[in-house]
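**Q** Supplied in structure tokens, the structure appears directly below.
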Amino acid sequence: MDAATAFLRLTLENARLHEELHKTRDEVRVSHGRLVAAVDAERRRIQRDLHDGVQHRLLAISMMVQRSVDRPPGDRPDPRLADAAAQLSEVIRELRETAWGIYPAALAEQTLCVAVEELAERAPIPVTVSVPAVRWAEHVQQPAYFIIAEALSNTYKHANATRAGVKVEQRDRRLLIEVTDDGAGGADATKGSGLRGLDERVKALSGVLRLESPLARGTRVVVELPCA
231 MDAATAFLRL
241 TLENARLHEE
251 LHKTRDEVRV
261 SHGRLVAAVD
271 AERRRIQRDL
281 HDGVQHRLLA
291 ISMMVQRSVD
301 RPPGDRPDPR
311 LADAAAQLSE
321 VIRELRETAW
331 GIYPAALAEQ
341 TLCVAVEELA
351 ERAPIPVTVS
361 VPAVRWAEHV
371 QQPAYFIIAE
381 ALSNTYKHAN
391 ATRAGVKVEQ
401 RDRRLLIEVT
411 DDGAGGADAT
421 KGSGLRGLDE
431 RVKALSGVLR
441 LESPLARGTR
451 VVVELPCA
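When we follow this note's numbering, the leftmost residue of the sequence shown carries the number 231, and every step to the right adds one.
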């Protein structure tokens, strides 16, 4: 075998291995994307079960107890009933908070804008929201919401910020998401489970994440997602 033949075979083998590597990466990305979609769908199912099942039953019980408490004047109810009614109200409130955290009703019933505004209202710091009042397809606004929620969660936990902002806009077939804060900066997507998990979620959706986080100058997370 002469050198030219050996070189040709080596080149062809490298090309084959390179193609297999790309194919494997694509398969992993598709598999990860399906997993992300399945997790989000399960979130919605659990939220729906909590809302339509447990929460409705608790509300019915609460109303029955409250009717026993609200007796005519002179007919004094057992004080334990009033305590039970108060505890039931607290349990229902906590259940609603839990269901909202799993999958906010606004995301299923309204627009991404409404869901993000609700998220901002519950934030420990002021969050400005600039999101179009557009109802995108579920496979677009669902992952967009959880990306925003995760990015804001990282801000609250690690950035030591006093304010944050969320901006979303559509450019052609891409959805651009920008989450900023005025915190300490120095964030690194390769360290810590939060940003790393966020980056993995974005890649699984065939998106791109860019991170700008200079020390003492805040953090800017920019995500591009396909929305065709």
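Beta carbons: idealized from backbone N, C-alpha and C, even for Gly.
In chain order, what residues of the same chain lie with their CB nearer than 6 Å to the CB of residue 337, ignoring the 5 residues before and after it?
**A** The residue given as residue 337 occupies position 107 in the sequence shown. Contacts found: 345 and 375.
**Q** Would you call the stretch 349-361 and the stretch 424-431 in contact, with 3 or more CB pairs under 8 Å?
**A** Not touching, per the Cβ criterion.
**Q** By how many angstroms is the C-alpha of residue 361 removed from the C-alpha of residue 407?
**A** The residue you call residue 407 lines up with position 177 of the sequence shown. The residue you call residue 361 lines up with position 131 of the sequence shown. Distance between the alpha carbons of residue 407 and residue 361 is about 9 Å.
**Q** At which residue ranges does the stretch 313-354 contain complete alpha helix (DSSP H) runs of 4 or more residues, listed in the order of the chain?
**A** Counting only runs of 4 or more, we get 335-339 and 342-351.
**Q** Under 8 Å Cβ to Cβ from residue 383, same chain only, skipping five residues before and after it: list those, please.
**A** Along the sequence shown, one-based indexing puts residue 383 at 153. Only 424 meet the Cβ criterion.
**Q** Does DSSP put residue 395 in a helix, in a strand, or in coil?
**A** The count along the sequence shown starts at 1 and reaches residue 395 at position 165. Reduced to three states, the DSSP call for residue 395 is strand.
**Q** Evaluate contact between the stretch 383-397 and the stretch 326-334, counting only Cβ atoms and requiring at least three cross-stretch pairs below 8 Å.
**A** In short, these stretches do not touch, since the Cβ pair count stays below three.
**Q** Does the distance from the CB of residue 445 to the CB of residue 416 come in under 9 Å?
**A** For the purposes of this step, residue 445 is taken as the residue at position 215 of the sequence shown. For the purposes of this step, residue 416 is taken as the residue at position 186 of the sequence shown. Taking 9 Å as the Cβ cut-off, residue 445 and residue 416 qualify as a contacting pair.
**Q** From residue 318 to residue 270, what distance separates their C-alpha atoms?
**A** In the sequence shown, counting from the first residue as 1, residue 318 sits at position 88. In the sequence shown, counting from the first residue as 1, residue 270 sits at position 40. Straight-line Cα distance between these residues: approximately 29 Å.
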